[in-house]
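Engineer: Before anything else, here's the structure in question.
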Amino acid sequence: MYVIIAGGGEVGYCLSKEFIEAGHEVLVIEPDARLRERLEDELGDITLVGEGHRIESLDEAGVSRADVFIAATDADESNLAACQLARLKYRVPRVVAKLNNPRNRNVFRKLGIEYTVDVAALMLENVKAQIPVFPFVRLLSLDSDGLEVVQIRVTEESRLADRSLSETAVPFLAETACLVRAGSAPQIVDESTRLAVGDRLMCVVPQDKLDKLRAEVGSSGSQV
Amino acid sequence: MNAVIMGSGRVASELATLLDREGHKITVIDLDPAQFEKLPETFGGRTVVGDATDEDVLRKAGLPAADAFIALTRDDDRNAMAAQIAKHIFGVRKVICRIYDPLREEFYKTLGLEAISPIMVFARLVKGRLEE
Chain Z
342 MYVIIAGGGE VGYCLSKEFI EAGHEVLVIE PDARLRERLE DELGDITLVG EGHRIESLDE
402 AGVSRADVFI AATDADESNL AACQLARLKY RVPRVVAKLN NPRNRNVFRK LGIEYTVDVA
462 ALMLENVKAQ IPVFPFVRLL SLDSDGLEVV QIRVTEESRL ADRSLSETAV PFLAETACLV
522 RAGSAPQIVD ESTRLAVGDR LMCVVPQDKL DKLRAEVGSS GSQV
Chain A
183 MNAVIMGSGR VASELATLLD REGHKITVID LDPAQFEKLP ETFGGRTVVG DATDEDVLRK
243 AGLPAADAFI ALTRDDDRNA MAAQIAKHIF GVRKVICRIY DPLREEFYKT LGLEAISPIM
303 VFARLVKGRL EE
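Residue numbers (the working numbering), protein chains in the order written: chain Z, 342 to 565; chain A, 183 to 314.
Structure follows, in structure tokens:
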């Protein structure tokens, strides 16, 4: 695959490294000489002086033959402009934008950029996953399938504690779930699975059922 | 007419002043309140401090009831983003944005935006004068 990344900061650097290690062709468009130098030193001749929202840079990069275009600068308005150009002018099949302001997710979607990665939300959910007081954590968005992977933690206050799954709404809301319990191997649940405090359920959920599931598993009172 | 102008630089302030004088209801949005000093003492419109690429700021500036939105900051990306939000999310009837880069002016026109490149306008004007 030919992958073009606009923005050679930390995100652009890590992405380039992964794609190169997986054997793909990578080009990073970056105006800052210091950032380009770091990329070149570690990953080879993979940079282009320019900016992802400039048509001259995109032409020089050969965007029309790219399979993937990723806009990973720190400015959402530039990421939007670059992605719209890549998607609508150069017809790149897969276009992804880094979102610096989570509130822009809907704006990007309404303006034709379907796939966005919300850096702040990822950070938040990752932190929540590590802290036992949060009963509901979004782990992964599978936007193209309309699915979400979430972690449900059975806390003392949870309505799920000491119940079997058939007594809860979880089977109606989640497509499938895996039970992670300290001291035993992870297992796929069925309706007879009984939940105990401390259990974690890794659920695959249609995105339109997320809010219902969140309401169902939250402890009465807390809204986190 | 009820018009919202993004940016309070020279062109934006001139436009706001002209429209205000003609009795239109004008709101000017800028990130930097010091920019509003470019507006004359007599300016009777509203000013809003904030980022016009933010839906909430646009709502506060009255976009849902606006007849026109004009994006006139120095930044093409921000102008294009705000103009598209105004057009596609708020459904404002008349949306105009300044896009300095002539290549991108063309691109945004293909997206249905009324984009104007001052560089091209001036170049065409001078060429016209030469041909007179």
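Each residue gets a CB set at the ideal place from its N, CA and C atoms; glycine is no exception.
Measure the beta-carbon distance from Leu-389 (chain Z) to Ile-370 (chain Z) and round it to whole angstroms, keeping in mind my assumption that it falls under 8 Å.
Structural biologist: Within the first sequence, the letter at position 48 stands for residue 389 (chain Z). Within the first sequence, the letter at position 29 stands for residue 370 (chain Z). Contact flag correct, Cβ pair sits at about 5 Å.
Engineer: Shorter than 7 Å from the beta carbon of Asp-259 (chain A) to some beta carbon of chain Z?
Structural biologist: Your numbering for residue 259 (chain A) matches position 77 in the second sequence. Closer than 7 Å: yes.
Engineer: Counting only runs that start and end within the region 531–565 of chain Z, where is the beta strand (DSSP E) found for 3 or more residues in a row?
Structural biologist: Segments of the beta strand (DSSP E) lying fully in the region 531–565 of chain Z: 541–547.
Engineer: Quick check on Leu-389 (chain Z) - is its C-beta less than 7 Å from some C-beta in chain A?
Structural biologist: For this step, residue 389 (chain Z) is matched to residue 48 along the first sequence. With 7 Å as the cut-off, Leu-389 (chain Z) does not count as an interface residue toward chain A.
Engineer: Establish whether the CB of Ser-405 (chain Z) and some CB of chain A are separated by less than 7 Å.
Structural biologist: What you label residue 405 (chain Z) is simply residue 64 of the first sequence in a count that begins at 1. By this cut-off, Ser-405 (chain Z) is not an interface position.
Engineer: Taking Phe-251 (chain A) as part of the beta strand (DSSP E), name the residues at either end of that continuous run.
Structural biologist: On the second sequence, residue 251 (chain A) is found 69 positions in, with the first residue counted as 1. Run containing Phe-251 (chain A): 250–253, per the beta strand (DSSP E) assignment.
Engineer: In chain order, what residues of the same chain lie with their CB nearer than 6 Å to the CB of Ile-454 (chain Z), ignoring the 5 residues before and after it?
Structural biologist: Here residue 454 (chain Z) corresponds to residue number 113 of the first sequence, with the count starting at 1. Same-chain partners within the cutoff: Cys-424 and Ala-438.
Engineer: By the 10 Å Cβ neighbour count, where 16 or more other Cβ atoms means buried, how is Ser-499 (chain Z) classified, buried or exposed?
Structural biologist: In the first sequence, residue 499 (chain Z) corresponds to position 158, counting from 1. Buried, by the Cβ-count rule.
Engineer: Tell me whether the region 406–417 of chain Z and the region 238–251 of chain A touch, counting them as touching only if at least three CB pairs, one residue from each stretch, are closer than 8 Å.
Structural biologist: No, they do not touch.
Engineer: Taking only beta-carbon positions, decide if Phe-163 (chain A) is within less than 7 Å of chain Z.
Structural biologist: Residue numbering for chain A in the displayed model covers 183 to 314; residue 163 (chain A) lies beyond these limits and cannot be assessed.
Engineer: So if I threshold CB-CB distances at 9 Å, which residues from the region 406–437 of chain Z count as touching chain A?
Structural biologist: The residues in question are Ala-416, Asp-417, Glu-418, Ser-419, Asn-420, Leu-421, Ala-422, Ala-423, Gln-425, Leu-426, Leu-429 and Lys-430.
Engineer: Which whole-angstrom value is the C-beta distance of Leu-254 (chain A) and Gly-189 (chain A), which I expect to be below 8 Å?
Structural biologist: Within the second sequence, residue 254 (chain A) is the residue found at index 72, counting from 1. Within the second sequence, residue 189 (chain A) is the residue found at index 7, counting from 1. Confirmed, Cβ separation roughly 4 Å.
Engineer: Got a sec? Which residues, its chain only, sit under 8 Å from Asp-549 (chain Z) by beta carbon, not counting five neighbours each side?
Structural biologist: By 1-based counting over the first sequence, the position of residue 549 (chain Z) is 208. Closer than 8 Å at Cβ, skipping near neighbours: Gly-487.
Engineer: Would Lys-207 (chain A) pass as a contact of Asn-184 (chain A) if the rule is Cβ separation under 7 Å?
Structural biologist: One-based indexing of the second sequence puts residue 207 (chain A) at position 25. One-based indexing of the second sequence puts residue 184 (chain A) at position 2. It is a contact, given that the beta carbons lie within the stated cut-off.
Engineer: Using 10 angstroms around the beta-carbon of Leu-483 (chain Z), count the other beta-carbons present and answer buried if the total reaches 16, otherwise exposed.
Structural biologist: Here residue 483 (chain Z) refers to the residue found at position 142 of the first sequence. Looking at its Cβ environment, which holds fewer than 16 other Cβ atoms inside 10 Å, Leu-483 (chain Z) is exposed.
Engineer: Any Cβ of chain A within less than 7 Å of the Cβ of Lys-451 (chain Z)?
Structural biologist: The count along the first sequence starts at 1 and reaches residue 451 (chain Z) at position 110. Judged by the 7 Å Cβ criterion, Lys-451 (chain Z) is in contact with chain A.
Engineer: In chain order, what residues of the same chain lie with their CB nearer than 6 Å to the CB of Glu-392 (chain Z), ignoring the 5 residues before and after it?
Structural biologist: Position 51 of the first sequence, counting from 1, holds the residue named residue 392 (chain Z). Answer for Glu-392 (chain Z): Pro-372 and Ser-398, listed in chain order.
Engineer: In three-state DSSP terms, what is Arg-275 (chain A)?
Structural biologist: Indexing the second sequence from 1 puts residue 275 (chain A) at position 93. Reduced to three states, the DSSP call for Arg-275 (chain A) is coil.
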